[in-house]
Amino acid sequence: MPEKILLEIVTPERKILETEVDRVEVPGFSGELGILPGHTELISQLKPAGLLTYYLNEVKEEMAISDGFVEVKPDRIVVLADKAERPEDIDIARALELKETAERQLQKAMSDPDIDIARATTDLERASINIQLAEKARK
Amino acid sequence: MANLQDIRRRVRSVRNMQQITKAMKLVAAAKLRRAQDRVIAARPYANTMKRVLARLAARAGDYKHPLLESRGDEHYVLALVTADKGLCGGFNTNLIKAAQRFIEENEGKRVELVTVGRKGRDFFRRRKVPIAGEYINVTAQAVTHDDAAEIARSLMDMYTAEDSTVDRVYVLYNEFKSVLSQKVTIKQLLPIGAEEFAEEETGEETARTAEKGEVLIDYLYEQPPAEIFGRLLPRYVETQVFYALLESVASEQGARMTAMDSASKNASEVIDKLTLNMNRVRQASITREIIEVVSGAQALER
């Protein structure tokens, strides 16, 4: 039996997930982090919008997470994210709406200096990830 | 003595009121359970956050962050978390009294209020106390982290703005002790006391070294510790505000439940008294009627 690592995903409102997994890919701020059991202690920021993947018995599971931190210990990964959504929980209509708003914002950004481009870009990215995931979950 | 009709009408109205208080009690009980669950659900995040911060605080060296720096002692901001609705016993009154006391104690200093909840806002607005910010309807429905984050961010902005003279930010709220009791609590939100983490750090570390006798290995950092620390701090403040709001909601529902319970009991008492009274009046009138009939009959016999 290969070793397992405990993955915890926690948002400010509740603990989303706590499960043993074989391998995790975390969207770190400076790049994708692949984590296996026995990883050395590590701490990193997360990307403002990203996709976390974990594998258990060769079954791949994905989750959209946004902004936060990850703390890794040899036997445990704790992801502190502002938001975390399973594919089946994603509200696709809302994601589409968010995407549209973000796109419109980005188009207007040229002429309107009030628009926070970084935020709109993040929103767009998050919405795209959510839509992708939700569509995959439907199939 | 009041006539029968009047008493009957009063009994009916008290009974109606009792039905309402009973219903409110049940609603509060249901909401309380949900609120309590949310407080518990929010705990892991807060705890992990604190633990990570504690370890980082030790590594970040004399890292300077505007949220950590202690300043003068002249200008306070008090964030007052009250409910939007009344009918919850002393819940709001106690908070408002504590806020007034705070203002009195710090006479001569500048105290600004930021009110969360309608009750606190209304009270201090009527008394012309300066209110720097107000949020209503945040606690009416389930508190979301986004709401809390928004409040926390505006408090931090007030504190860190370039021309800001704010020296300290406090939050005043009802801490949930049990269904029956809430404790008015005041907490310093900003600047963040570095001791807050330091305590946790030493506690955990000594326990760990004692247990395993191993040397604590430092983290691997993807970003410089100071940078991560700096990014975590505002989040920590957000979490604290969120937590205060959750506690406040749970307390509010607890207070309402107790208040409505005793209101229902009082209504029962009033109904009992009125019913007694009503029976007495009815008896009296029956007796009177019998006397009338009897004496009328006697008069005819003669």
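Same order as they appear, the protein sequences are chains S and G.
With this note's numbering, the residue at position 56 of the first sequence is 66, and numbering never jumps.
With this note's numbering, the residue at position 173 of the second sequence is 254, and numbering never jumps.
Glycine is no exception: its CB is placed at the ideal position from the N, C-alpha and C atoms.
Please read all numbers here as calculations on a predicted model, not as lab measurements.
- Bounds of the beta strand (DSSP E) holding Thr266 of chain G are Gln263 to Leu271.
- For Ile75 of chain S, the nearest beta carbon of chain G is not closer than 8 angstroms to its own beta carbon.
- Within the same chain, Cβ atoms closer than 7 angstroms to the Cβ of Ala137 of chain S are found at Ala105, Leu108, Lys109 and Ala112, the five residues on either side in sequence being excluded.
- Straight-line measurement puts the Cα of Gln55 of chain S at about 21 angstroms from the Cα of Tyr65 of chain S.
- For Thr339 of chain G, no chain S residue has a Cβ inside 7 angstroms of its Cβ, as the nearest lies near 27 angstroms away.
- With 16 or more other Cβ atoms from the protein chains shown falling within 10 Å of its own Cβ, Ile15 of chain S counts as buried.
- Within the region 43 to 67 of chain S, the residues whose Cβ lies closer than 7 angstroms to some Cβ of chain G are Thr50, Glu51, Leu52, Ile53, Ser54 and Gln55, listed in chain order.
- Looking at the backbone, the Cα of Lys103 of chain G and that of Lys346 of chain G are separated by about 9 angstroms.
- The region 170 to 182 of chain G makes contact with the region 196 to 210 of chain G, as at least three CB pairs between them are under 8 angstroms.
- A Cβ-Cβ distance of about 17 angstroms is found for the pair Gln304 of chain G and Ser76 of chain S, leaving them out of contact under the 8 angstroms criterion.
- Listed along chain G, the residues sitting closer than 7 angstroms to Pro22 of chain S by beta-carbon distance are Ala123, Tyr126, His226, Thr320 and Phe323.
- When rounded, the separation of the alpha-carbon atoms in Ile102 of chain S and Asn140 of chain S is 7 angstroms.
- CA-CA distance, Arg199 of chain G to Tyr254 of chain G, rounds to 14 angstroms.
- By the neighbour-count definition (other C-beta atoms within 10 Å, threshold 16), Lys106 of chain G is a buried residue.
- In the DSSP assignment, His156 of chain G falls within the unbroken beta strand (DSSP E) covering His156 to Val162.
- Annotation for Ala147 of chain S: Pro97 and Glu98 place their beta carbon closer than 7 angstroms to its own, counting only its chain and skipping 5 residues before and after.
- Within chain S, the residues whose beta carbon sits less than 7 angstroms from that of Met130 of chain G are Leu90, listed in sequence order.
- Of the residues assessed, Ile372 of chain G falls on the exposed side of the cut-off, its CB having fewer than 16 other CB atoms within 10 angstroms.
- The beta carbons of Pro306 of chain G and Leu137 of chain G sit closer together than 8 angstroms.
- For Ser40 of chain S, at least one C-beta of chain G is nearer than 8 angstroms to its own C-beta.
- At a Cβ-Cβ threshold of 8 angstroms, Tyr251 of chain G and Ile232 of chain G do not count as neighbours.
- Taken atom to atom, the span from the alpha-carbon of Tyr157 of chain G to that of Val195 of chain G is near 11 angstroms.
- Secondary structure note for Lys103 of chain G: its alpha helix (DSSP H) is the uninterrupted segment Leu85 to Arg140.
- The Cβ of Lys118 of chain S sits no closer than 8 angstroms to any Cβ of chain G.
- Chain-ordered, the chain S residues with CB closer than 9 angstroms to the CB of Tyr302 of chain G read Leu52, Ile53 and Ser54.
- For Glu155 of chain G, the closest of G:Val108, G:Glu193 and G:Ala109 by C-alpha to C-alpha distance is G:Glu193.
- Three or more beta-carbon pairs separated by less than 8 angstroms are not found between the region 87 to 96 of chain G and the region 334 to 342 of chain G, which leaves the two stretches without contact.
- DSSP, reduced to helix, strand and coil, places Thr174 of chain G within a helical segment of the structure shown.
- Taken through DSSP and simplified to helix, strand or coil, Glu370 of chain G comes out as helix.
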